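In our numbering, the protein residues as written are 8 to 161.
Working notes, structure below.
Put into structure tokens, the structure is as follows:
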């Protein structure tokens with residue numbers, strides 16, 4: 008990672024882009040790619056590819072990841088994933104192992120997360136100090152610095 012303005016894109020940002028591709032609405036994915044160095048994970052990419060039912064969809068899905076760094080899951084993250092999973096269980100949160108993986112990756116890399124489903128992660132991210140970026144911040148601002156300041160990342 009090399010920039011001051013880097014974010015992690017959750018699966019729903021890619022789904023939003025792929026579902027709106029024929030409409031004239033602005034793409035949150037494309038705007039994010041112009042404002043930030045963007046990352047996602049093999050989990051998120053796998054979720055997108057899993058939903059593809061033909062070669063055309065698969066190619067569009069692959070294309071949506073151009074310009075995004077897809078992070079793997081190194082062995083050392085397994086300790087963080089286990090810790091987050093235990094927290095989910097002990098706090099009786101409605102999160103999954105998948106959410107634990109995303110949380111651990113973002114905790115380890117210190118990447119803020121852009122997601123359309125902020126409620127999904129709200130408590131888990133609060134516990135682990137992972138910052139969230141809302142849809143409204145991306146839609147209403149054209150400066151990565153302003154977005155980071157409003158999200159209290161800077």
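Just so you know, even glycine gets a beta-carbon here, dropped at the ideal spot from N, CA and C.
Everything numeric in this text was worked out from a predicted model, so none of it was measured.
query	result
Can you check whether the CB of residue 161 is closer than 7 angstroms to the CB of residue 13?	no
Have a look at residue 92 and residue 103 and give me their C-alpha separation to the nearest angstrom.	8 angstroms
Looking only at C-alpha atoms, which of 138, 122 and 95 sits nearest to residue 146?	122
Please check the pair residue 16 and residue 142, which I expect to be a contact at CB under 8 angstroms, by giving their CB distance rounded to whole angstroms.	Not quite, the Cβ-Cβ distance comes to about 12 angstroms (not below 8 angstroms), so this is no contact.
If you drop the 5 nearest sequence neighbours on each side, which residues of the same chain put their C-beta closer than 7 angstroms to that of residue 50?	105, 108 and 109
Leaving out five residues on either side along the sequence, give the residues of the same chain with a beta carbon under 8 angstroms from the beta carbon of residue 148.	154 and 157
Let me check understanding here. Comparing Cα to Cα, which of 69, 40, 63 and 38 lies closest to residue 53?	69
Going by DSSP, name the residue or residues bridged to residue 45.	14 and 75
Output the residue ranges of the alpha helix (DSSP H) runs that lie fully inside the stretch 87–123 and measure 4 residues or longer, sorted by chain position.	104–116
Along the chain, where does the alpha helix (DSSP H) that runs through residue 125 open and close?	125–135
With a CB to CB cut of under 7 angstroms and the five nearest residues on each side skipped, what residues in its chain are close to residue 115?	84 and 87
Please check the pair residue 79 and residue 45, which I expect to be a contact at CB under 8 angstroms, by giving their CB distance rounded to whole angstroms.	The pair is not a contact, with the Cβ atoms about 16 angstroms apart (cut-off 8 angstroms).
I need the DSSP call for residue 161, collapsed to helix, strand or coil.	coil
In the DSSP assignment, what are the bridge partners of residue 139?	120
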